[in-house]
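Chain order of the listed sequences is A, B and C.
Residue 69 in the numbering used here is what sits at position 76 of the first sequence, and the numbering runs on without skipping anything.
Heads up, the numbering used here is the position in the second sequence plus 6, with the first residue counted as 1.
Heads up, the numbering used here is the position in the third sequence plus 36, with the first residue counted as 1.
Working notes for the structure below.
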Amino acid sequence: MTAEELKRKFTGWVFDEIDLDITSESLVGFATACGETLPKFTDPTDPDFQGVPNYLTRIHGTRALPEDFPVEMHRCFDAGKSVEFHAPVRPGDRIHGTSEIADIYEKSGRTGSMLFIVHRMNFFDQRKTHLATVDWRLVQREFDA
Amino acid sequence: MILDLHSHSIASDDGRAKVENYCQWIERKGLPLDGFVLTEHRQFDDASDYRALEDRFGLLILKASEVETEYGHVLVFGVNDDLRAAFDFARIDNPIAMVLAESERCGAVAVPCHPGRPKVGMCAHWETRGPVEGVRIVETLNGGSREGENEIAERYAEEHGWSRIGGSDSHIVSHIGRCATRFEEDVRDIDGLVRALRRGRFDAVRPEID
Amino acid sequence: MSTPAPKRFEDVEFGEDLPTISPDVSLANVKIFAGAAQMMAGRFIDHEDARANGLPGAIVPGIMSQGILVALIHGWAPNAEVLSVDTIFRAPLLVDSQPTASGVVTDLDEETRVVEIDLVLKNEKGETPVVGTARVRL
């Protein structure tokens, strides 16, 4: 299938959902390893303790791509992530994440022809507050339609 | 006159710079640039009009394209309707010989960019697939190239007698002007740029060093 | 370590450099990150495993690079409300290397008090395996 055909078939619908509980340990470890020093990110006793703005980028659903998406995962790599931050994630939150494919396109780069797949996740807490939108640009090398 | 001949804005899928911010950057940092060319990936950006920014900042802002061929990426200056009808700018496997020939036929100039880069640079393919007719100019200074890549481009240019251009290949605001091209004559618009490129009186430079 | 003073929007200048940092991407620290993020794949925490899979060595997870750049912002402006971060992973950043992280202000919107920042992680060769942008409100 060409990139255009893949885009027509696979974009714009939720193909996966996940629920996850957030722990202080994970929030602290993530923040401190990245070099954060502010207490609100590193000290669970801080009254405003929360995850760093890009914490939710670490969460993936049960699958990277929709069922029967024709990709060879061993040729894939992570080309980038963007996060739109809406509200903080806190310890004890139960996160609900949804996955959809937002875009698919083809280009050539240092590793040859590439298929770019933009996997979009939206995250909500138990109060249904929209916490973040994360776009993950997954790339398959040597794409041959 | 010094122009950055290779840059990307948010119109490119991997571009993150707004054109107004490029202008502000050049002005506030006092970069020795008279303007820049937006060479968006796999398209010609018809919709954008930068004349107001040109007037406000006193810079020349031109539009061109970076297209993709089986020999790597190529900058195309002087894109017009004839050329857009000649081949599909969105394809990643346009034959380079066709891009060069059609650009010539339609009054544009095609320049292989970052030719020393693996896979997306012409030189590696030159070695494996053979030489290409119609190359006159190559980009020997690309601001995004890694160690050795510009040197490969320079070696090919020297060996084949090609003229040299420079461009930042910037995708973020602060990278504009890392490399550029110095023209002996004034360039006022895209037709003037095409004429100047055809005359061959220019060279690749690093504006903050040269 | 004392927290830097809050940054006022009025004090930010176009072209202002954020203080450059030398982040810790040692194997030990990357393992801490990988554990916290549940990303214990060999390519991140084991040089031999990474090489066996065609990499020059273990690589820093992309989102850790992104987190480092977010920490850079907080080090400059602890009161910054990060609205968005967008990072492009152009090449692997190697574990146990000595990168530097830097940023520069590229836009200021007085109405919304939003500052845009270019972000770069540079390796020892001066190459930029990770670039990005962020929007923050002050």
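The beta carbon of each residue, even a glycine, is placed where N, CA and C say it ideally should be.
Given the structure is predicted, the values throughout are model-derived calculations rather than measurements.
Quiz prompt | Amino acids of chain A, ordered along the chain, whose beta-carbon sits closer than 7 Å to that of Val126 of chain B | solution = Ser101, Gly102 and Arg103
Practice problem: Take Glu139 of chain B as the anchor and find which of B:His166, B:Pro118 and B:Ala103 has the nearest alpha-carbon. | Solution: B:Ala103
Exercise. Count the C-beta pairs between the stretch 3 to 14 of chain A and the stretch 89 to 108 of chain A that are closer than 8 Å, then say yes if the count reaches three, no if not.
Key: yes
Quiz prompt | Selection of the stretch 66 to 90 of chain A by Cβ proximity to chain C, strictly under 7 Å | solution = Asp71, Ala72, Gly73, Lys74, Ser75, Val76, Glu77 and Phe78
Exercise. Could you round the C-beta distance between Arg111 of chain B and Ser151 of chain B to whole angstroms and report it? I think they count as a contact, below 8 Å.
Key: Arg111 of chain B to Ser151 of chain B, Cβ: 30 Å. No contact.
Exercise. Taking a Cβ distance cut-off of 7 Å, strictly less, list which residues of the stretch 180 to 192 of chain B are near chain C, in chain order.
Key: Ser180
Quiz item: Do the CB positions of Val127 of chain A and Val76 of chain A come within less than 8 Å of each other?
Solution: yes
Quiz item: How close, in whole Å, do the beta carbons of Leu68 of chain B and Val43 of chain B come, if the pair is a contact with beta carbons under 8 Å?
Solution: 5 Å
Quiz item: Under the three-state reduction of DSSP, which class applies to Asn159 of chain C: helix, strand or coil?
Solution: coil
Quiz prompt | C-beta contact flag for Leu105 of chain C and Ala137 of chain C at 8 Å | solution = yes
Exercise. Can you check the stretch 92 to 132 of chain A for any alpha helix (DSSP H) of at least 4 residues that lies completely inside it and give the ranges in chain order?
Key: none
Practice problem: Could you tell me whether any Cβ in chain A is nearer than 8 Å to the Cβ of Thr142 of chain C? | Solution: no
Quiz prompt | Residues sharing a beta bridge with Pro118 of chain B, DSSP | solution = B:Val80
Practice problem: Return the residues of the stretch 100 to 122 of chain B that lie within a Cβ-Cβ distance of less than 7 Å from chain A, sorted by chain order. | Solution: none
Practice problem: Spell out whether any CB of chain C is found under 8 Å from the CB atom of Arg152 of chain B. | Solution: yes
Quiz item: What is the DSSP secondary structure of Glu190 of chain B, reduced to helix, strand or coil?
Solution: coil
Practice problem: Consult DSSP for Asn115 of chain C and reduce its assignment to one of helix, strand or coil. | Solution: coil
Quiz item: Thinking C-alpha only, which one of B:Val141, B:Ala23, B:Asn148 and B:Cys185 is nearest Val105 of chain B?
Solution: B:Val141
Quiz prompt | Touching by the beta-carbon criterion (3+ pairs, under 8 Å), the stretch 22 to 38 of chain B and the stretch 132 to 146 of chain C | solution = yes
Exercise. State yes or no: is the beta carbon of Ala107 of chain C nearer than 8 Å to at least one beta carbon in chain A?
Key: yes
Practice problem: Give a yes or no on whether the C-beta atoms belonging to Glu29 of chain A and Ile98 of chain B are separated by under 8 Å. | Solution: no
Quiz item: Can you find a C-beta in chain A that's less than 8 Å from the C-beta of Arg212 of chain B?
Solution: no
Self-check item: Beta-carbon contacts of Asn86 of chain B that lie in its chain and below 8 Å, excluding the five residues immediately before and after
Solution: Cys112, Gly113 and Ala114
Quiz item: What residue range is occupied by the uninterrupted beta strand (DSSP E) comprising Arg170 of chain B?
Solution: Ser169 to Gly173
Quiz item: Name the residues in the stretch 114 to 145 of chain C whose C-beta lies less than 7 Å from a C-beta of chain B; which are they?
Solution: Asp122, Ile124, Val140, Thr142 and Asp143
Exercise. Put Asp12 of chain A into one of helix, strand or coil per three-state DSSP.
Key: strand
Quiz item: For chain B, is any of its Cβ atoms less than 8 Å away from the one on Asp154 of chain C?
Solution: yes
Quiz item: Taking the Cβ atom as the reference point for each residue, do Asn100 of chain B and His120 of chain B lie within a distance shorter than 8 Å?
Solution: no
Self-check item: Distance between beta carbons of Phe23 of chain A and Pro46 of chain A, contact taken as under 8 Å
Solution: The pair is not a contact, with the Cβ atoms about 11 Å apart (cut-off 8 Å).
Quiz item: At a Cβ threshold of 8 Å, is Thr35 of chain A touching chain C?
Solution: no
Practice problem: Entirely within the stretch 58 to 146 of chain C and at least 4 residues each: give me those alpha helix (DSSP H) ranges in chain order. | Solution: 63 to 73, 78 to 81, 83 to 88 and 98 to 112
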